[in-house]
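The sequence shown begins at 5 in the working numbering and counts up one residue at a time.
One structure is given here, and the rest of the page talks about it.
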Amino acid sequence: MEGRPPFDPDEDLDFDFESSRRRRYERDRGTGERPIPGETGEEPDAPSPDEDPSDTSERERSRRERSSSGRMKLRGLGEGARRRKRSRDRDRPATTATDTGEQRRLRDDPFTPAEVPVPGDRRAHRRDLPANVRRRQAIAIGLGVLVLGVGGYVLASSLFGGGDEEGPTPVKRLVGQTVIGKLGQSAPDNKLLRRVRKGQVGGFIVEPRNAEALTRQTEALNAAAEEGDNPPLLFVIDQEGGDVKRLPGPPTISPQSLAEGGDPGAAQSQGEETGTFLRELGVNVDLAPVMDVSLPRTAESIADRTFGEDPEVVSDLGSAFIDGLQSQDVAATAKHFPGLGTATVNTDDSPVTIAATQEDLDAALIPFQGAIDAGVDLMMVSSASYPRLGADKPAVFATPIIQTLLRDDLGFEGVVISDDLQSGAISAQTGAAGVEAVSALGAGVDLLLYASTDAGSVAGFNA
């Protein structure tokens with residue numbers, strides 16, 4: 005499998021999920037991105053005058069612990085990526101240093117084409133990160149060790165067949181932790197709760213009816229995960245501000261308006277308010293901010309959600325929003341790597357090939373490097389194809405994009421999440437259900453996002 009060490013069937017993959025679940029750490033410090041027509045919702049109910057204040061405090065403490073545990077789970081996935089990278093580096097000869105912009109092979113392997121321009125020395129920025137950011141990215145829980153086996157297991161099971169579905173092994177639970185399913189607006193049914201208890205899903209993307217209903221959903225599903233001795237669930241949402249906002253509430257200023265003001269402090273405040281709002285509802289991952297650089301030809305459905313046309317402004321404002329959001333124990337997601345600014349149509353609807361100049365591609369990477377330097381927890385990889393970057397297939401399936409450009413050249417050590425694997429761009433490239441899961445994990449993706457139907461996440465788990 006490209007970009008990952010061979011699967012070792014003799015490797016000890018036992019893992020004490022109960023111990024992981026009990027572990028508590030100190031707090032440090034959309035995909036289908038179209039807005040839902042007629043979205044409405046209710047503000048969270050204020051505590052009743054008769055309610056015991058200690059009960060409210062206990063619920064808030066529980067939510068904060070689950071949110072923090074969710075971020076620690078993400079860091080564990082990131083540690084798995086770092087271990088995979090170290091393993092690859094041991095097996096491959098080091099490339100020689102080159103001048104900025106010089107043509108060279110990105111990696112001495114058959115999967116990376118020669119003559120790909122390298123846009124400047126971005127790795128050097130990693131050495132200048134604040135110590136607290138470096139420490140935060142170094143934290144990991146035991147789950148990260150096990151992620152090393154996920155890619156190999158998925159490939160092996162696709163070749164040799166799986167085991168008993170009625171009794172998931174620890175490895176099957178591991179595979180489940182890579183799957184993010186679609187959560188409907190109704191209360192979780194027994195079938196879904198059973199999947200959660202069995203560890204067949206690691207989280208959900210939510211489009212709630214209102215805040216109160218979302219709180220009930222997250223509490224019921226987290227209880228099911230705990231009953232099955234599974235890690236805390238990830239609850240992710242498209243809460244960008246402006247046109248894409250699944251719940252009424254922060255951010256109250258759109259990215260475009262923040263760009264007009266040009267004040268990173270305002271962007272950070274919006275991130276903090278959004279983080280506080282989402283954490284209280286049990287949401288621990290925001291699929292924001294959009295770090296794409298808008299161009300005159302950018303599809304309107306993308307351009308309206310960006311911080312503008314200046315890469316440095318996009319970097320500064322997006323990084324400030326990330327800092328504010330993550331200060332409240334809600335993980336931020338920089339998207340859509342390596343940039344959708346030159347896309348004239350949305351990947352939600354159809355396949356997209358980025359036919360951009362090298363200059364535009366280099367400029368598009370500036371905000372993502374800024375997000376990495378800010379310590380962003382997740383990076384969403386685009387579903388478009390980038391032939392000039394060595395990817396004739398969607399970036400989410402492309403080792404040169406994920407392993408070489410993002411991991412090796414930009415130095416990202418966090419969690420890589422796919423865009424919607426049920427989008428028009430992906431469905432046009434894959435055949436049988438589950439192919440997209442195996443392909444994405446093989447390329448280096450850590451979390452598989454199924455944002456359209458819950459059936460997709462079931463097929464992804466069973467691939």
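Idealized CB from N, CA, C, for every residue including glycine.
All values reported here derive from a predicted model rather than from experimental measurement.
Give the DSSP-derived three-state secondary structure of residue i in the structure shown.
| i | result |
| --- | --- |
| valine 449 | coil |
| aspartate 352 | coil |
| phenylalanine 465 | helix |
| alanine 455 | coil |
| glycine 185 | strand |
| alanine 395 | strand |
| serine 443 | helix |
| arginine 31 | Bear in mind that a pLDDT of 37 at arginine 31, under 50, signals an unreliable position, so the number given afterwards is only what the model happens to contain. Note: arginine 31 maps to coil in three-state DSSP. |
| serine 331 | coil |
| valine 175 | helix |
| serine 323 | helix |
| isoleucine 257 | coil |
| valine 400 | helix |
| serine 422 | strand |
| aspartate 413 | helix |
| phenylalanine 311 | coil |
| glycine 374 | helix |
| leucine 150 | Per-residue confidence for leucine 150 stands at a pLDDT of 35, beneath the threshold of 50, marking its modelled position as unreliable; the derived number appears in the next sentence. Helix at leucine 150. |
| glutamine 274 | helix |
| glutamine 433 | coil |
| serine 305 | helix |
| threonine 470 | What the structure shows of the chain is the stretch from 5 to 467, and residue 470 is not part of that stretch, so it cannot be assessed. |
Identify which residue in the options has its Cα closest to the Cα of residue i.
| i | options | result |
| --- | --- | --- |
| alanine 467 | Gly428, Lys397 and Gln204 | Gln204 |
| glycine 286 | Thr403, Ser461, Asn214 and Arg177 | Asn214 |
| arginine 199 | Glu216, Val210 and Gln181 | Gln181 |
| glycine 379 | Asp353, Glu211, Leu414 and Arg250 | Leu414 |
| leucine 382 | Ser422, Phe208 and Arg201 | Ser422 |
| isoleucine 358 | Leu78, Leu218 and Lys397 | Lys397 |
| methionine 384 | Val317, Ile430, Thr408 and Ala292 | Ala292 |
| aspartate 377 | Asp412, Ser319 and Ser354 | Ser319 |
| leucine 187 | Lys176, Gly206 and Pro174 | Gly206 |
| valine 179 | Gln373, Ala455, Ala441 and Tyr454 | Ala441 |
| phenylalanine 208 | Glu216, Thr222 and Ala217 | Thr222 |
| valine 420 | Thr337, Asp412, Leu369 and Ser431 | Thr337 |
| aspartate 296 | Ser273, Gln274 and Ala263 | Ala263 |
| phenylalanine 416 | Gln373, Ala432 and Ala455 | Gln373 |
| alanine 455 | Ser190, Val210, Gln189 and Asn194 | Val210 |
| arginine 220 | Gln189, Leu453, Gln274 and Val248 | Gln189 |
| leucine 369 | Val294, Leu452, Ser443 and Ala429 | Val294 |
| glycine 265 | Val248, Ile430 and Val317 | Val317 |
| asparagine 194 | Ala224, Ser273 and Pro174 | Ala224 |
| isoleucine 430 | Val248, Leu321 and Leu453 | Leu453 |
| leucine 78 | Gln274, Val175 and Asp290 | Asp290 |
| proline 371 | Leu321, Gln362 and Asp412 | Leu321 |
Is it true that the CB of residue j sits closer than 8 Å to the CB of residue i?
| i | j | result |
| --- | --- | --- |
| arginine 392 | leucine 365 | yes |
| serine 427 | serine 386 | no |
| glutamate 313 | serine 323 | no |
| alanine 360 | proline 315 | no |
| arginine 301 | threonine 351 | no |
| valine 349 | alanine 395 | no |
| valine 288 | valine 334 | What sits at residue 288 in the sequence shown is asparagine, not valine. Going by C-beta atoms, asparagine 288 is nearer than 8 Å to valine 334. |
| glutamate 244 | glycine 328 | no |
| glycine 185 | aspartate 424 | no |
| alanine 375 | isoleucine 405 | no |
| glycine 481 | glycine 464 | The requested residue 481 does not occur in the structure, where the chain is confined to residues 5 to 467. |
| serine 389 | valine 183 | no |
| lysine 202 | glycine 232 | yes |
| proline 252 | threonine 278 | no |
| leucine 197 | alanine 217 | no |
| serine 354 | alanine 432 | yes |
| proline 192 | arginine 250 | no |
| arginine 177 | asparagine 234 | yes |
Name the DSSP beta bridge partners of residue i, please?
| i | result |
| --- | --- |
| glutamine 4 | This structure gives no information on residue 4, because the portion of the chain shown stretches from 5 to 467. |
| alanine 292 | In the DSSP output, where bridge partners are listed per residue, alanine 292 has none listed. |
| threonine 337 | Leu382 |
| glycine 207 | Ile184 and Leu238 |
| threonine 357 | Ser389 |
Is the shortest distance between the beta-carbon of residue i and the beta-carbons of chain C less than 8 Å?
| i | result |
| --- | --- |
| phenylalanine 281 | No chain C appears in this structure, which consists of one protein chain only. |
| message | Does the contact criterion of 3 or more C-beta pairs under 8 Å hold for the stretch 303-311 versus the stretch 256-267? | response | Three or more Cβ pairs closer than 8 Å define a contact, and the stretch 303-311 meets that threshold against the stretch 256-267.
| message | Check whether the stretch 338-345 and the stretch 266-285 are in contact - that is, three or more C-beta pairs closer than 8 Å. | response | The stretch 338-345 is not in contact with the stretch 266-285.
| request: Pair every Cβ in the stretch 234-245 with every Cβ in the stretch 263-271, then say whether three or more of these pairs are closer than 8 Å. | output: In the pairwise beta carbon analysis, the stretch 234-245 is classified as not touching the stretch 263-271: fewer than three pairs are separated by under 8 Å.
| With contact counted as at least three CB pairs below 8 Å, one residue from each stretch, are the stretch 441-454 and the stretch 392-409 in contact? | The stretch 441-454 vs the stretch 392-409: in contact.
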